[in-house]
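Protein chains: 2
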Amino acid sequence: MAAARQYLKLDHPFPMRRGGVLQQVQLAYETWGALSPTRDNAVLIFTGLSPSAHAASSAQDCSPGWWEDMVGPGRAIDTNRFFVVCINSLGSVFGSTSPASINPQTGEPYRLSFPILTVEDIARGGYEVIRSLKINQLHTVIGPSLGGMTVLAFAALFPDATRNLISISGAARSTPFTIALRSLQREMIRKDPAWQEGKYSANAIPVEGMRLARKLGMITYRSAKEWLQRFGRERASVEHKPDDPFGIDFEIEAYLENHAAKFVGQFDPNAYLYLSRAMDLFDLADHGEGSLSEALRRFKIKNALIIGVETDLLFPIEQQKELFDGLTSADRNVKLARLNSLQGHDSFLVDMDQFRPVIGDFLRELA
Amino acid sequence: MAAARQYLKLDHPFPMRRGGVLQQVQLAYETWGALSPTRDNAVLIFTGLSPSAHAASSAQDCSPGWWEDMVGPGRAIDTNRFFVVCINSLGSVFGSTSPASINPQTGEPYRLSFPILTVEDIARGGYEVIRSLKINQLHTVIGPSLGGMTVLAFAALFPDATRNLISISGAARSTPFTIALRSLQREMIRKDPAWQEGKYSANAIPVEGMRLARKLGMITYRSAKEWLQRFGRERASVEHKPDDPFGIDFEIEAYLENHAAKFVGQFDPNAYLYLSRAMDLFDLADHGEGSLSEALRRFKIKNALIIGVETDLLFPIEQQKELFDGLTSADRNVKLARLNSLQGHDSFLVDMDQFRPVIGDFLRELA
């Protein structure tokens, strides 16, 4: 299943931005298409919080990827034209070094001894991969959600490493509202007695905490409007146990229950905690001596596409507008796409009819 | 402290809407002002989910009430003019019969043997109180949030019992988004091992579940915009323990922690579960053979004021607009006040400068 997955094993230490150094870091990635002789056609994809590097199917792994409709021959991110790399974020669990990995210095999993993870560390992981592939400069770096933040960190840390960027449903920083929601998700996991201060065993993970956190995520990733259209006040088809006065009444409750159950077991709880907090801690202004506009002014990119969705609760459209305004003031060629998708923050995974042309046109116009 | 509290003890059974009958029901309430000789100047207030009947201070209880700035001599709900009654909802814990009360038939607390609670049952509790006070018809019935739903149930069940109504940040029904949030809050409590299927003891309540549920409530009661203005990315002043990588980083996290801790212990978890679910189950269309407009057409009120807040996440302004449109079609004299308060669903407790004149003017114009 992960036959398309490649690994970069670093032979040098990986210093973490907020302190601590990782040894023998491993980074998982997948690629599609061919690198041009001048090595100038590479597109690097950073992911949201939970996906793996398997953005799309390939000859080595025919299972559909998380962005299957976006990446492929003739698709918006056209693998006939581009050499596409998708990386599994540092700290995530699909092949890259994470809190669930064995610390080579102790022979035990890192768990909470993993250093604080930042979005910048994830960006540096991507940089290591493209350097190992002998790519000096990307054509474009692109990412949604956490990935939309990571492309900003990438452009700030490695200003010569990309000519263009696409930030989707990302932001220069998290709002207090979003921080509060993520903080509460983390607390749900940490307050689950099974969490055991991160020392849970593999067959006794904090299932209830993860399930609650996932449900809150799902509620906030979408929009109230979409759910009204999809669910209305439909009653659940599952039987409501008569002795359980707080069982499932509504279809929306059954939907959340089913999807949360699927997620649990696929993602390591400690890794989730680290990645979630990384999103809270990120502030692009840190790269401009406290000034966001200064940080954006230091970007060396030629063209940028900023995509936002009007129904996004977590990264509201004003935040993408802020990026657009800052890059415009810095005289960068920047386009803002305000999409009216119904699916909120998750739209980039779902509303392909709106996202494909915006991304496809941007990349084609740069040809 | 509860010296102003009065009690109505019913000497007849109280049939619950979804089945079951309560015996020896008690309803707590407070009153302000004097009933006119013709008994036509009474205003009944239904509360949101968590407050007691202590809406305002009085000679008997000088502690400030939850709507202190709204109710009193010369205030918007003018106790020089009106005889004001505020009721503690059936199912709530401040003097009214609730799941925490002793079931007279068993001598044990009801806990989960309490029948399903509906908004209509709460409305009927209010009706019992005004009948006991020999009031045939209210001047106005008013309530915010859950109370904003309860006034609708009241007007549907007892069409001759009020001439006017004011529904604040209420709705004819809950959206799937809001149901999902409430369902998750209930699950947080129910998944706390201390909940014990509702059989927790008084000194070992599900504190963690209540704290999480309250935090989610607080996040959604307000608006992202308000928090951005209030908190920005301010770091918490409390020291972050170096051995706790998931402690409090931001002021918003400290704020939620402090407020959630205050709430826990003040409210019985089972009562919270019942009241929360009552809000999910309510659908005004049930009173119009499945048609909301028919239900509203059957109201016999003369004048209505519907108040909504543009930043309300839980009862979005479209829901108040829906009530306004339905009452307008039914040829009722109805006014819609769309307030641009920043404080979201909670605005009626906070943004007095906007709420007072709207409510005060409406009541004065009916004089």
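Just so you know, the sequences run in chain order A and B.
Here the numbering used here is used: position 19 in the first sequence is 19, and no number is missing along the way.
Here the numbering used here is used: position 164 in the second sequence is 164, and no number is missing along the way.
From the three backbone atoms N, C-alpha and C, an ideal C-beta is built for every residue, glycine too.
Bear in mind the structure is a predicted one, so any value in this text is a computation, not a measurement.
Just curious, the beta strand (DSSP E) that residue i is in, first and last residue?
i: F46(B); result: 42-46
i: N203(B); result: No beta strand (DSSP E) holds N203(B); DSSP gives it neither H nor E.
i: S167(B); result: 162-168
i: Q26(B); result: 26-32
i: I116(B); result: Where I116(B) is concerned, there is no enclosing beta strand (DSSP E), given that its DSSP letter is neither H nor E.
i: I301(B); result: Here I301(B) belongs to no beta strand (DSSP E), and DSSP marks it neither H nor E.
Taking C-beta pairs closer than 9 Å, name the residues in chain B that residue i reaches, listed in chain order.
i: I116(A); result: P245
Counting only Cβ pairs nearer than 7 Å, list the residues of chain B close to residue i.
i: D121(A); result: What D121(A) touches in chain B: nothing, since even the nearest Cβ is about 14 Å away.
i: I317(A); result: By Cβ distance, chain B contributes nothing, its closest Cβ being about 12 Å from I317(A), past 7 Å.
i: E322(A); result: Residues of chain B passing the Cβ test: none, with the nearest at roughly 12 Å.
i: R233(A); result: R173, D283
i: L256(A); result: A180
Can you look up residue i in the DSSP assignment and give me helix, strand or coil?
i: Q229(A); result: helix
i: P13(B); result: coil
i: W368(A); result: This structure does not reach residue 368(A), given that chain A is present from 1 up to 367, and the question cannot be answered.
i: R235(B); result: strand
i: Y110(A); result: coil
i: P144(A); result: strand
i: K335(A); result: strand
i: A4(A); result: coil
i: I248(A); result: coil
i: D78(A); result: strand
i: F154(A); result: helix
i: H345(B); result: helix
i: L296(A); result: helix
i: F83(A); result: strand
i: R211(B); result: helix
i: L138(B); result: strand
i: N88(A); result: coil
Closer than 8 Å by beta-carbon distance: list the chain B residues that pair up with residue i, in chain order.
i: P193(A); result: P193
i: D280(A); result: D249, F250
Under 7 Å between beta-carbons, which chain A residues line up against residue i? List them in chain order, please.
i: S183(B); result: E253
i: K215(B); result: L184
Kindly list, in the order they appear in chain A, the residues whose Cβ is closer than 8 Å to that of residue i.
i: M188(B); result: M188, L212
i: S175(B); result: Checking the sequence, you will find Thr at residue 175(B) rather than Ser. Residues of chain A passing the Cβ test: A224, W227, L228.
i: R17(B); result: None at all; the shortest Cβ gap to chain A is about 14 Å.
i: E208(B); result: K191
How far does the alpha helix (DSSP H) with residue i in it reach, from first residue to last?
i: T328(B); result: 317-329
i: G126(A); result: 119-132
i: N270(B); result: 269-281
i: I359(B); result: 352-365
i: S183(A); result: 176-190
In chain A, what lies closer than 9 Å to residue i by C-beta?
i: I359(B); result: Going along chain A, no residue has its Cβ under 9 Å from I359(B), so there is no contact; the nearest lies around 27 Å.
i: I205(B); result: Near I205(B) there are no residues of chain A at all, since even the closest Cβ is about 15 Å away, more than 9 Å.
i: L112(B); result: D243, D244, P245, F246
i: R277(B); result: P245, F246, D249
i: I383(B); result: Here chain B covers residues 1 to 367 and nothing more, so residue 383(B) does not appear.
i: L273(B); result: P245, F246
Within 10 Å of its beta-carbon, does residue i have 16 or more other beta-carbons around it, so buried, or fewer, so exposed?
i: I205(A); result: buried
i: D353(B); result: exposed
i: G126(B); result: buried
i: H139(A); result: buried
i: E453(B); result: Because chain B spans 1 through 367 in this model, residue 453(B) falls outside it and cannot be assessed.
i: D312(B); result: buried
i: C62(A); result: exposed
i: E197(B); result: exposed
i: A52(A); result: Before going on, a small fix: residue 52(A) reads as Ser here, not Ala. Classification for S52(A): buried.
i: D78(B); result: buried
i: R17(B); result: buried
i: I359(B); result: buried
i: K302(B); result: exposed
i: I189(B); result: buried
The segment 113-122 of chain A contacting the segment 78-91 of chain A, beta-carbon criterion three pairs below 8 Å: Yes, since at least three Cβ pairs between the segment 113-122 of chain A and the segment 78-91 of chain A fall closer than 8 Å, the two stretches touch.
Any 3 or more C-beta pairs closer than 8 Å across the segment 181-201 of chain A and the segment 318-333 of chain A: No: fewer than three Cβ pairs fall under 8 Å.
Stretch-stretch touch, CB-based, cutoff 8 Å, three pairs: the segment 121-134 of chain B with the segment 154-163 of chain B: Counting Cβ pairs under 8 Å, three or more are found: they touch.
Inter-stretch contact at 8 Å, needing at least 3 Cβ pairs: the segment 288-307 of chain A / the segment 243-252 of chain A: Not touching, per the Cβ criterion.
Segment contact flag, the segment 335-349 of chain B with the segment 301-311 of chain B, C-beta cutoff 8 Å, min 3 pairs: The way I'd put it, the segment 335-349 of chain B does touch the segment 301-311 of chain B; three or more beta-carbon pairs between them come closer than 8 Å.
Inter-stretch contact (C-beta, 8 Å, three-pair minimum) for the segment 254-269 of chain B and the segment 131-148 of chain A: They do not touch, by the three-pair rule.
Cβ contact check for the segment 168-186 of chain B and the segment 218-231 of chain A: 3 or more pairs under 8 Å: Cβ pair count under 8 Å is three or more, so yes.
Cβ pair count under 8 Å reaching 3, the segment 266-286 of chain B against the segment 209-224 of chain B: Remark: three or more beta-carbon pairs, one from each stretch, lie closer than 8 Å, so the segment 266-286 of chain B and the segment 209-224 of chain B are flagged as touching.
The segment 5-12 of chain A contacting the segment 20-34 of chain A, beta-carbon criterion three pairs below 8 Å: Counting Cβ pairs under 8 Å, three or more are found: they touch.
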